Amino acid sequence: MKFTLPIHESQPMKKTLRILLQFLIGGIVLASAIGKGLDLPGFVEVLKTYQAFSDIMLSPLAFLIVLGELGLGMWILSGRNLKYSALVAAGMNGFYAVWMTITLWRGLELSNCGCFGVFFPRPLTWVSPVEDLIMVIICITLSRLAHCHPVDIGK
Numbered sequence: 001m002k003f004t005l006p007i008h009e010s011q012p013m014k015k016t017l018r019i020l021l022q023f024l025i026g027g028i029v030l031a032s033a034i035g036k037g038l039d040l041p042g043f044v045e046v047l048k049t050y051q052a053f054s055d056i057m058l059s060p061l062a063f064l065i066v067l068g069e070l071g072l073g074m075w076i077l078s079g080r081n082l083k084y085s086a087l088v089a090a091g092m093n094g095f096y097a098v099w100m101t102i103t104l105w106r107g108l109e110l111s112n113c114g115c116f117g118v119f120f121p122r123p124l125t126w127v128s129p130v131e132d133l134i135m136v137i138i139c140i141t142l143s144r145l146a147h148c149h150p151v152d153i154g155k
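For reference, each letter of the sequence shown is one residue, going 1 to 155 in the numbering used here.
Now the structure itself:
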């Protein structure tokens, strides 16, 4: 089964949609990293509530998450190899969706899912993994749009 978009190659709308999704996804990933990074100790405390890692691993894990999201957000916004950066973002959001689903199945009640660190606390509910799955779909759409003709947003 082949996935096709109802937009023809020659339409400028396709380029506009690709740029819009690039900034949307890149901006969300970057905002998430900045929110977590501005209060790294607070983000460590959020990670602790997931009860999945030993305390000694939490600070390095938090740092790696922030660093990875910063890099990914900048990569997406740069437009370089957009097809692949969008797929990496899809994988990251897919992982987050699975992780949150497992946490909910475990019966843990988290007052902050940690998606944006401590500055925009949102409780972990069944809406949280659904939002990440929607992000996966958007990222895959961006990857498909970027596959056809790369866009240099600097021109």
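Backbone N, C-alpha and C define an ideal beta-carbon position, used for all residues, glycine too.
As the structure is a prediction and not an experimental result, all values here were calculated from the model.
Keeping to the same chain, check which residues put their C-beta closer than 6 Å to that of Lys-36; ignore five residues upstream and five downstream.
Cβ-Cβ distances below 6 Å link Lys-36 to Phe-43, Val-66 and Gly-117 in the same chain, with the five nearest sequence neighbours on each side left out; the list follows chain order.
Beta-carbon proximity list for Ile-138, same chain, < 8 Å, skipping 5 on both sides:
So the qualifying residues of the chain are Leu-21, Leu-24 and Ile-25.
Does the beta-carbon of Asp-132 have 16 or more other beta-carbons within 10 angstroms, so that it is buried, or is it exposed?
Result: buried.
Does DSSP put Cys-115 in a helix, a strand or coil?
Note: Cys-115 maps to coil in three-state DSSP.
Should Tyr-84 be labelled buried (16 or more other beta-carbon atoms within 10 Å of its own) or exposed?
Exposed is the call here.
Rounding to the nearest angstrom, what Cα-Cα distance links Phe-63 and Leu-17 in this structure?
For Phe-63 and Leu-17, the distance between alpha carbons rounds to 33 Å.
Using CA atoms only, rank isn't needed, just tell me which of Met-13, Asn-112 and Ala-86 is closest to His-147.
When C-alpha distances from His-147 are compared across Met-13, Asn-112 and Ala-86, the shortest belongs to Ala-86.
Below 6 Å CB to CB, which residues in the same chain sit around Glu-69 once its five sequence neighbours on both sides are set aside?
The residues are Val-29, Ser-32 and Ala-33.
Rounded to a whole number of angstroms, what is the C-alpha to C-alpha distance between Phe-95 and Leu-142?
When rounded, the separation of the alpha-carbon atoms in Phe-95 and Leu-142 is 18 Å.
Which of the three DSSP states is assigned to Asn-93 in this structure?
DSSP places Asn-93 within a helical segment (H, G or I) once states are collapsed to three.
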